[in-house]
Amino acid sequence: MERPGPTSPGPDSADPESRASERSPQAFRLGSSRHSRSVLPSSPHILRSGLPLAVAALFSIGCGGDGGSPVGKEFPRPTNLVLLCVDTLRWDHLGTYMPADERDPDASPSIDRLADQSVVFEEAIPQASWTLPSFAAILTSTLASANGCKDLESRLPESFTTFPELFQRAGFDTFGVASHIFFRPEYGLQQGFDGYDASLAHKRGEEGWIPLSSPHVAKRAIEFLDAHAVGTDAKPFLLFVHDFDPHIPYYDHDGVGVDPSTEHARYRAEIRYTDRFIGRILDAIESNGLAESTVVCFLSDHGEAWEEHPGVRRHARSLFREELQVPFFLRVPGIEPRRVGRMVRMVDVMPTLLELFGIEPGPDRMEGVSLVPLLLGREVEIPPLVAKIELHPDQHHRRAIADDRWILIETQAGTWLLFDRREDPGETRDVAAEHPDLVAEMRAELDALQARARAEGASHEGAAAVELAPEDAQQLEDIGYGGK
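Using numbering that gives the first Met the number 0, the letters of the sequence shown map in sequence onto residues 0 to 483.
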């Protein structure tokens, strides 16, 4: 099975050092242990890790001033930020992530157009396979073990600093429009916004919770962009757009070219439908003269499983690739499009945006690192990924740790699965028994990283649990979070 991506070079495309590391399976890239320099080559723009962590730290903490940052020197500092977030969007259902000979030009033409103008990260991994902890990690660059967002009653404590708060303090006009119950004020994800529209999160549609979100979300986003057009006296802005539509419940859509005879087909139809409205938002950025001054960040919170692994369907129950990989790309004025063929983490979003806009980090240590060097085709050391789910009694997995090559997953039963994602991108062959030393090393690092995160979280005041009204519990049940 070939790794999903535009191209799939053979093993000879790697340099001798990369091929040598492939022959050494005990090469998990840890901060205190051995380092693997090899990556997953998948485009002409091959990037390798290998810089010392100290250098990566300079990129990570250098967001607030010029320092060694290339922003403002090698390309202009941008003025505005638009975040386009599509819920439950599996990366390989977008045309831009499909193999070149299998690419469906009708799958997501508007999103693909944006990707063609962007730096595309071909292997972006969130910190959870469901919305609340995933977005908490994106907004704060912290792990669930620190921020406490782990179940349906969790709330992001106000003591955590989100990047919209930092943009707000820097004088940006911040506005969000979202359509998921987890973006209601009581969950804490609205911190840092001057204005917020989560009205759809309270409504029931014909197919159940929630009604179609794309028309309303696009309308509010376009109204905001119109008010901030070039030539107005509007301040620099951050616009956060969250579209729920690819999430269940699925609606039937005429005219999208998909036969809705199966649930999976209806999911693909939802993506095509959502793509149309993403296109309208992109058109509004252009028509208002904002394209040359605005960073567009496109991402999702988690994917969706369709029985690629027997018994694993939808999301929030496993940490397999189909749930734990998302689309992520950045269109930055002055930076040439490219594809980055290595793993990045969604906790890296916040430090990247702070460096791009020259905004000082908050008081908390960020789990992520700035990806600005990767935007320019350079190298940066990326620490291991840590992911966790703690939601359903019948979930398959609990937590995971991964680097560019290996992923180690703890099952709900307490056993461990190890997959070589380079040789086995579908994660179908558990090789834990073949590499016991590597398993032990990765387990120890996972425990250490989570312990550090818990210690950091203990310095924050805890947040009171969200009190779910009966209708809220029913809404969560209807959209797949019932715990059954």
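Quick reminder that beta carbons are idealized off the backbone N, C-alpha and C, glycines included. Keep in mind that this is a model prediction, so the values were computed, not measured.
To the nearest angstrom, how far is it from the Cα of residue i to the Cα of residue j?
i, j, result
"glycine 194", "glutamate 409", "40 Å"
"histidine 215", "isoleucine 280", "12 Å"
"glycine 357", "proline 163", "14 Å"
"glycine 67", "aspartate 363", "22 Å"
"glycine 256", "alanine 268", "8 Å"
"arginine 421", "tyrosine 272", "33 Å"
"alanine 217", "valine 438", "46 Å"
"glutamate 262", "glutamate 101", "22 Å"
"valine 385", "phenylalanine 327", "18 Å"
"glycine 525", "arginine 320", "In this structure the chain extends from 0 to 483, so residue 525 is not present and cannot be described."
"arginine 112", "proline 184", "33 Å"
"methionine 97", "threonine 139", "31 Å"
"arginine 338", "leucine 298", "15 Å"
"alanine 450", "alanine 143", "11 Å"
"isoleucine 137", "leucine 88", "16 Å"
"valine 346", "proline 132", "11 Å"
"valine 343", "glycine 187", "25 Å"
"alanine 233", "glutamine 190", "22 Å"
"glycine 461", "phenylalanine 159", "10 Å"
"cysteine 148", "phenylalanine 134", "9 Å"
"aspartate 253", "leucine 93", "20 Å"
"isoleucine 270", "aspartate 436", "42 Å"
Report the three-state DSSP secondary structure of residue i (helix, strand or coil).
i, result
"aspartate 429", "coil"
"alanine 304", "strand"
"arginine 265", "helix"
"phenylalanine 276", "helix"
"tyrosine 486", "Residue coverage of the chain in this structure runs from 0 to 483, which leaves residue 486 outside it and unanswerable."
"threonine 293", "strand"
"isoleucine 381", "coil"
"arginine 364", "coil"
"histidine 252", "coil"
"arginine 442", "helix"
"methionine 97", "coil"
"aspartate 419", "strand"
"glutamine 474", "helix"
"tryptophan 90", "helix"
Taking its Cβ as the centre, do 16 or more other Cβ atoms sit within 10 Å of residue i, making it buried, or is it exposed?
i, result
"arginine 428", "exposed"
"lysine 387", "buried"
"proline 125", "buried"
"serine 260", "exposed"
"serine 198", "exposed"
"threonine 414", "exposed"
"alanine 127", "buried"
"threonine 231", "exposed"
"proline 469", "exposed"
"serine 286", "exposed"
"aspartate 242", "buried"
"aspartate 258", "exposed"
"proline 309", "exposed"
"glutamate 335", "exposed"
"glycine 175", "buried"
"aspartate 282", "exposed"
"glycine 288", "exposed"
"aspartate 196", "buried"
"glycine 300", "For the sequence presented, residue 300 should be read as aspartate rather than glycine. Buried."
"aspartate 225", "exposed"
"glutamate 322", "buried"
"proline 383", "buried"
Measuring alpha carbon to alpha carbon, tell me which of the options ends up nearest residue i.
i, options, result
"alanine 169", "Pro435, Glu359 and Ala106", "Glu359"
"aspartate 519", "Arg337, Asp436 and Met441", "With the chain running from 0 to 483 in the structure shown, residue 519 is simply not present."
"glutamine 474", "Ala200, Thr231 and Thr351", "Ala200"
"valine 119", "Lys234, Thr95 and Thr130", "Thr95"
"glycine 425", "Ala431, Ile406 and Leu437", "Ile406"
"asparagine 146", "Ser458, Ile478, Asp471 and Gly479", "Ser458"
"valine 295", "Gly302, Ala304, Pro309 and Gly278", "Gly278"
"alanine 220", "Arg154, Gly230, Ala233 and Leu238", "Leu238"
"glycine 71", "Leu370, Arg453, Phe319 and Glu354", "Glu354"
"phenylalanine 276", "Ser107, Asp471 and Ile478", "Ser107"
"leucine 211", "Ala135, Phe236, His246 and Gln189", "His246"
"methionine 349", "Gly254, Gly367 and Val325", "Gly367"
"leucine 487", "Leu318, Ile180, Phe182 and Ser117", "This structure does not reach residue 487, given that the chain is present from 0 up to 483, and the question cannot be answered."
"isoleucine 381", "Phe181, Ala432 and Ile400", "Ile400"
"serine 213", "Gly479, Val85, Phe171 and Tyr480", "Val85"
"alanine 452", "Gly479, Glu433 and Met365", "Met365"
My assumption, with CB atoms under 8 Å, is that residue i sits in contact with residue j. Please give the rounded CB distance.
i, j, result
"arginine 398", "leucine 445", "7 Å"
"proline 156", "threonine 293", "That belief does not hold up - the Cβ atoms of proline 156 and threonine 293 are roughly 31 Å apart, past 8 Å."
"arginine 265", "alanine 464", "Not confirmed; about 34 Å, so no contact."
"arginine 341", "glutamate 122", "6 Å"
"proline 235", "glutamate 291", "In fact, because the Cβ distance is near 14 Å, the residues do not count as touching under 8 Å."
"aspartate 103", "proline 248", "No, aspartate 103 and proline 248 are not in contact; Cβ-Cβ is about 24 Å, not under 8 Å."
"aspartate 274", "isoleucine 110", "5 Å"
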